[in-house]
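Novice: Numbering (this note's numbering), first residue to last: 220 to 560. Where a beta carbon is used, it is the ideal one built from N, C-alpha and C, also for glycine. First the structure, then my questions, so here it is.
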């Protein structure tokens, strides 16, 4: 006779416990955000933060789980953005093959993933500061090449007149649909990274980060794992690039400039490089500062303010905002040592 013990829990309860109350509250808040936000806050703050949060997430995937810090994520996103302009329609009278969005988007994301894998294949033979410098060199070279090439990239003018698609009777560049589109892709990217970090590949990648020599001795192909991680990060950055070109309606060398590459790094570091939610927190902080710092300190000093906030956060907590919260949370959870009444 077998003895069955009733635990009093259902599969739904187990699923909710694994998801966590914080994720549920955050999801509800993000879904209801358009009900209280203006069009400006929906797109310029909400949508923009989600797009740059995805770029920071692609960097977090490489740096947090693979130990590879990249300054070329905005370059990868720019390749997807340029692909949308070239394969779709634009007003620049240069190229523009008129492909439908449902065909252009997969090709643009694939191009971004392949470009990211190529960058990874070049840079994985280095470590630390050398990886940063190689990816920075690639980002800089791509910026100047796009600025000087007119046959493919249309030089410094880039491409304009790029419209977001309209399907299901909805124009996806309107504030509320665009916000929900960004939110949906951001949630999918976040869930994929979170799930992947607990998969066999994710655990192997983290082991390679910690001790590549031992993993190579155990028979793992270290370079192949790293390059595949770069390809996965390229998919996320490519999706962000598609959203970015639909948001701006144009793409130019300024989109993939070194300043933008540094911004992605700042976003990832401020939020925290050890958890997928960190880049999104960092993106909200940076986007709010970029939007309102000019009104506080003036146009000539707002970058100084952003730099000071970055230095303060890194100095107080090297793991960013999430690291700071991780240090405060145990103190909040402690019971009071004072005797009760």
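In the DSSP output, which residue or residues are listed as bridge partners for residue 386?
Specialist: Along the chain shown, one-based indexing puts residue 386 at 167. According to DSSP, which records beta bridges pairwise, residue 386 is partnered with 389.
Novice: Measuring only the C-alpha atoms, how far is residue 222 from residue 241?
Specialist: Taking the chain shown and counting its residues from 1, one reaches residue 222 at position 3. Taking the chain shown and counting its residues from 1, one reaches residue 241 at position 22. Because residue 222 sits at a pLDDT of 43, beneath the cut-off of 50, its placement in the model cannot be relied upon, and the following sentence gives the value as read from the coordinates. Cα-Cα distance, rounded: 36 Å.
Novice: Distance check for residue 352 and residue 342, CA to CA, integer angstroms please.
Specialist: Position 123 of the chain shown, counted from the start, is the residue given in the question as residue 342. Position 133 of the chain shown, counted from the start, is the residue given in the question as residue 352. Each residue's Cα considered, the two are about 9 Å apart.
Novice: Counting only the same chain and skipping the five closest in sequence on each side, list residues whose C-beta sits under 8 Å from that of residue 508.
Specialist: For the purposes of this step, residue 508 is taken as residue 289 along the chain shown, with counting starting at 1. Cβ neighbours of residue 508 beyond the five flanking positions: 521, 524, 525, 528.
Novice: Where do the N-terminal and C-terminal ends of the alpha helix (DSSP H) with residue 461 fall, by residue?
Specialist: In the chain shown, counting from the first residue as 1, residue 461 sits at position 242. Note, residue 461: alpha helix (DSSP H), 441-467.
Novice: Quick check on the DSSP output: the alpha helix (DSSP H) that includes residue 414 runs from which residue to which?
Specialist: Looking up residue 414 in the chain shown gives position 195. Segment 394-416, the alpha helix (DSSP H) holding residue 414.
Novice: Alpha carbons only, please: which of 400, 375, 377 is nearest the one belonging to residue 386?
Specialist: If you number the chain shown from 1, residue 386 lands on position 167. The shortest C-alpha separation from residue 386 is found at 400.
Novice: Once the 5 residues before and after residue 270 are set aside, which same chain residues still bring their CB inside 7 Å of it?
Specialist: Counting from one through the chain shown, the residue named residue 270 turns up at place 51. The answer, listed in chain order, is 401, 459, 462, 463, 466.
Novice: How about residue 470 and residue 304: are their beta carbons less than 7 Å apart?
Specialist: Position 251 of the chain shown, counting from 1, holds the residue named residue 470. Position 85 of the chain shown, counting from 1, holds the residue named residue 304. Yes, these two residues count as a Cβ contact at 7 Å.
Novice: Across which residues does DSSP place residue 379 in a beta bridge pair?
Specialist: Your numbering for residue 379 matches position 160 in the chain shown. Answer is 469, bridged to residue 379.
Novice: In terms of alpha-carbon separation, which member of 392, 375, 333 lies closest to residue 381?
Specialist: Against the chain shown, residue 381 aligns to sequence position 162. When each option's Cα is compared against that of residue 381, the closest is 392.
Novice: What residues in its chain sit with their C-beta under 8 Å from that of residue 501, if we drop five residues either side in the sequence?
Specialist: Along the chain shown, read from residue 1 onward, the residue named residue 501 stands at position 282. Once the five neighbours on either side are set aside, the close Cβ partners of residue 501 are 272, 275, 485, 486, 487, 488, 489, 490, 491, 539, 540.
Novice: Hey, could you find the ends of the alpha helix (DSSP H) residue 356 is sitting in?
Specialist: For the purposes of this step, residue 356 is taken as the residue at position 137 of the chain shown. Start and end: 348-367.
Novice: In the structure shown, what three-state DSSP assignment does residue 280 receive?
Specialist: Here the question's residue 280 lines up with position 61 in the chain shown. Here residue 280 sits in helix by DSSP.
Novice: Under the rule that 16 or more other beta-carbon atoms within 10 Å means buried, what is residue 279, buried or exposed?
Specialist: Mapped onto the chain shown, residue 279 falls at position 60. Classification for residue 279: buried.
Novice: Measure the C-alpha to C-alpha separation of residue 437 and residue 443 and round it to an integer number of angstroms.
Specialist: If you number the chain shown from 1, residue 437 lands on position 218. If you number the chain shown from 1, residue 443 lands on position 224. Each residue's Cα considered, the two are about 14 Å apart.
Novice: Is it right to say residue 373 is buried, meaning 16 or more other beta carbons lie within 10 angstroms of its own, or is it exposed?
Specialist: Residue numbering aside, residue 373 sits at position 154 when the chain shown is read from its first letter. Under this definition residue 373 is a buried residue.
Novice: Rounding to the nearest angstrom, what Cα-Cα distance links residue 431 and residue 302 in this structure?
Specialist: For the purposes of this step, residue 431 is identified with residue 212 of the chain shown, where counting begins at 1. For the purposes of this step, residue 302 is identified with residue 83 of the chain shown, where counting begins at 1. So the alpha carbons of these two residues sit roughly 35 Å apart.
Novice: Taking the alpha helix (DSSP H) that residue 522 belongs to, which residues open and close that run?
Specialist: Against the chain shown, residue 522 aligns to sequence position 303. Residues 521-535.
Novice: Please identify the residue among 286, 300, 534 whose C-alpha is closest to the C-alpha of residue 320.
Specialist: Taking the chain shown and counting its residues from 1, one reaches residue 320 at position 101. Considering only alpha carbons, the answer is 300.
Novice: Do three or more CB pairs link the segment 354-365 to the segment 419-434 at distances below 8 Å?
Specialist: No, because fewer than three Cβ pairs between the segment 354-365 and the segment 419-434 fall closer than 8 Å, the two stretches do not touch.
Novice: Would you check if the distance between the CB atom of residue 457 and the CB atom of residue 331 is smaller than 7 Å?
Specialist: Sequence index remark: in the chain shown, residue 457 carries index 238 (1-based). Sequence index remark: in the chain shown, residue 331 carries index 112 (1-based). Yes, these two residues count as a Cβ contact at 7 Å.
Novice: If you compare alpha carbons, which of 504, 451, 519, 298 is closest to residue 532?
Specialist: Here residue 532 refers to the residue found at position 313 when the chain shown is read from its first residue. For the residues 504, 451, 519, 298, the minimum Cα distance to residue 532 belongs to 504.
Novice: Do residue 378 and residue 311 come within 7 Å of each other at the CB atom, strictly closer than that value?
Specialist: By 1-based counting over the chain shown, the position of residue 311 is 92. By 1-based counting over the chain shown, the position of residue 378 is 159. It is a contact, given that the beta carbons lie within the stated cut-off.
Novice: Look at the Cβ atom of residue 450, then the Cβ atom of residue 336, and state whether they are nearer than 7 Å.
Specialist: Within the chain shown, the letter at position 231 stands for residue 450. Within the chain shown, the letter at position 117 stands for residue 336. Result yes, Cβ atoms of residue 450 and residue 336 sit closer than 7 Å.
Novice: Relative to the C-alpha of residue 415, which residue among 394, 447, 322 is closest?
Specialist: For the purposes of this step, residue 415 is taken as residue 196 along the chain shown, with counting starting at 1. Of 394, 447, 322, the residue nearest in Cα terms is 447.
Novice: Below 7 Å between beta carbons: does that hold for residue 412 and residue 495?
Specialist: Position 193 of the chain shown, counted from the start, is the residue given in the question as residue 412. Position 276 of the chain shown, counted from the start, is the residue given in the question as residue 495. Against a cut-off of 7 Å, the Cβ pair of residue 495 and residue 412 comes out as a contact.
Novice: To the nearest angstrom, report how far apart residue 474 and residue 286 are at their CA atoms.
Specialist: Sequence index remark: in the chain shown, residue 474 carries index 255 (1-based). Sequence index remark: in the chain shown, residue 286 carries index 67 (1-based). Straight-line Cα distance between these residues: approximately 26 Å.
Novice: Under a three-way DSSP split, which group does residue 515 fall into?
Specialist: Residue 515 sits at position 296 when you count from the first residue of the chain shown. Here residue 515 sits in helix by DSSP.
Novice: Does the beta-carbon distance from residue 323 to residue 297 come in below 7 Å?
Specialist: For the purposes of this step, residue 323 is taken as residue 104 along the chain shown, with counting starting at 1. For the purposes of this step, residue 297 is taken as residue 78 along the chain shown, with counting starting at 1. Not a contact, by the Cβ cut-off of 7 Å.
Novice: Within 10 angstroms of its Cβ, does residue 349 collect 16 or more other Cβ (buried), or is it exposed?
Specialist: Translated into positions along the chain shown, residue 349 becomes position 130. Classification of residue 349: exposed, given that the 10 Å Cβ count is below 16.
Novice: Distance check for residue 497 and residue 409, CA to CA, integer angstroms please.
Specialist: As a first step, residue 409 must be located in the chain shown, where it is residue number 190. As a first step, residue 497 must be located in the chain shown, where it is residue number 278. Whole-angstrom Cα-Cα distance: 10 Å.
Novice: Indicate the three-state DSSP secondary structure (helix, strand or coil) for residue 538 in the structure shown.
Specialist: Taking the first residue of the chain shown as 1, we reach residue 538 at position 319. In the structure shown, residue 538 sits in coil (DSSP, three-state: anything other than H, G, I, E or B).
Novice: Could you give the residue range of the alpha helix (DSSP H) that holds residue 425?
Specialist: Within the chain shown, the letter at position 206 stands for residue 425. Residue 425 -> alpha helix (DSSP H) spans 419-429.
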